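Single-structure report; data block below.
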Amino acid sequence: LAVGVTGLSNIVKNSPELAQKSENLRKAAGRMRAIDVMATRIWFDRPVMCPFPSNVFANYPVLEDAGGTFFCLDSLHDDPWGPEDDKKGAVIAADFYHASNLLALSDEEIIRRLTQVLLPSAVPAFKNAKVVDYWVKRFPKAVTHFSPGSEEFRPPQILPEIDNLVVAGDLVKGLSHGSAGLSQERAYVSGLAAANRLIELKKTGATHPILATEDDEPQYKLLTDLSESAERLFGEMFDVLSR
Numbered sequence: 026l027a028v029g030v031t032g033l034s035n036i037v038k039n040s041p042e043l044a045q046k047s048e049n050l051r052k053a054a055g056r057m058r059a060i061d062v063m064a065t066r067i068w069f070d071r072p073v074m075c076p077f078p079s080n081v082f083a084n085y086p087v088l089e090d091a092g093g094t095f096f097c098l099d100s101l102h103d104d105p106w107g108p109e110d111d112k113k114g115a116v117i118a119a120d121f122y123h124a125s126n127l128l129a130l131s132d133e134e135i136i137r138r139l140t141q142v143l144l145p146s147a148v149p150a151f152k153n154a155k156v157v158d159y160w161v162k163r164f165p166k167a168v169t170h171f172s173p174g175s176e177e178f179r180p181p182q183i184l185p186e187i188d189n190l191v192v193a194g195d196l197v198k199g200l201s202h203g204s205a206g207l208s209q210e211r212a213y214v215s216g217l218a219a220a221n222r223l224i225e226l227k228k229t230g231a232t233h234p235i236l237a238t239e240d241d242e243p244q245y246k247l248l249t250d251l252s253e254s255a256e257r258l259f260g261e262m263f264d265v266l267s268r
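Here the sequence shown stands for residues 26 to 268, numbered as in my numbering.
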């Protein structure tokens, strides 16, 4: 069952037998919500050196309350243009979340906001780069709305009540992998894990290897350990004082 929240809700609402059989899916369909997202890709006429391959947009008026990320694909991939093309300028992928206010805008306006406002504010060299090609994709209600308390209603990948049905997508919980805290990555890894699970159940075919994520950087791990220790300490102090 590789669908998002909106697809899952439609399936469960139109399948009384499935709704009756799986409380996990019924809760997810009834309580989980989805947000509008937009994905873009832009090819430029010249290379642009980005200080970081992955970046975040926030608090820009032109985003109209959306959040955004952009990735310098020429820093992440060997050949984002493709081997058949001799152009080798910068290639940017930009995604927007909670993008309801942006979906109705034209492709040209979205690209204008990116190339004239957002990208140059992050990397000034984009002011001199010209757009060679682009595309804009809109995905209404396509990504899970993760909010405080929503984890309770997210379904596990393996459903104890239906042994031959597994769930894949960004909405699953309990994924034993370093991508569990990320949306796109969790959706991808959960798809591989779901396929492997079905292969194991049918006892035929070869499973696909799932690569582990890199270890956390030392400074991040140190701060995480300190935070967890402080949380335990304050919890113990609270228990003592409340007796």
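Just so you know, even glycine gets a beta-carbon here, dropped at the ideal spot from N, CA and C. Values in this document were obtained by computation on a predicted structure and should not be read as measured data.
How many angstroms separate the CA atom of Leu101 from the CA atom of Tyr122? The alpha-carbon atoms of Leu101 and Tyr122 are separated by roughly 22 Å.
Proximity winner among Gly199, Pro180, His170 and Trp106, relative to Asp158 (alpha-carbon distances): Closest by alpha carbon: Trp106.
If you check the beta carbons only, do Leu184 and Ser47 fall under 8 Å apart? Yes. Within cutoff.
Near Thr232, which residues of its chain fall below 6 Å by C-beta distance, leaving aside the five closest residues on each side in sequence? Exclusion of the five residues before and after Thr232 leaves Asn221 and Ile224 as the residues of its chain whose Cβ lies within less than 6 Å of its Cβ.
Buried or exposed (CB count within 10 angstroms, at least 16 for buried), Trp160: It is exposed - the Cβ of Trp160 has fewer than 16 other Cβ atoms within 10 Å.
Cut-off 6 Å between Cβ atoms - residues of its own chain near Gly174, not counting five sequence neighbours on either side: Within the same chain, Gly174 has no close Cβ partners at all.
Where are the alpha helix (DSSP H) runs, 4 residues long or more, that stay fully inside the stretch 135 to 169, in chain order? Counting only runs of 4 or more, we get 144 to 147.
Count the other CB atoms within 10 Å of the CB of Asn189; is the residue buried (16 or more) or exposed (fewer)? It is exposed - the Cβ of Asn189 has fewer than 16 other Cβ atoms within 10 Å.
Under the three-state reduction of DSSP, which class applies to Arg268: helix, strand or coil? Coil, per DSSP.
Would a C-beta distance cut-off of 8 Å place Pro180 and Leu128 closer than the cut-off? With respect to the 8 Å criterion, Pro180 and Leu128 are not classified as neighbours on the basis of their beta carbons.
Who pairs with Val65 in a beta bridge, going by DSSP? It should be noted that the sequence gives Thr, not Val, for residue 65. Ala119 and Val161.
Sequence-distant residues of its chain with Cβ nearer than 6 Å to Ala44 (five each side left out): Only Val37 and Arg51 meet the Cβ criterion.
Any non-hydrogen atom of the ligand COA closer than 7 Å to Thr94 Cβ: Looking for the ligand COA in the displayed structure turns up nothing, as the structure carries no ligands at all.
Where do the N-terminal and C-terminal ends of the alpha helix (DSSP H) with Ser79 fall, by residue? No alpha helix (DSSP H) holds Ser79; the beta strand (DSSP E) holding it covers Ser79 to Phe82.
Across which residues does DSSP place Val191 in a beta bridge pair? Looking at the DSSP assignment, Val191 forms a beta bridge with Ile183.
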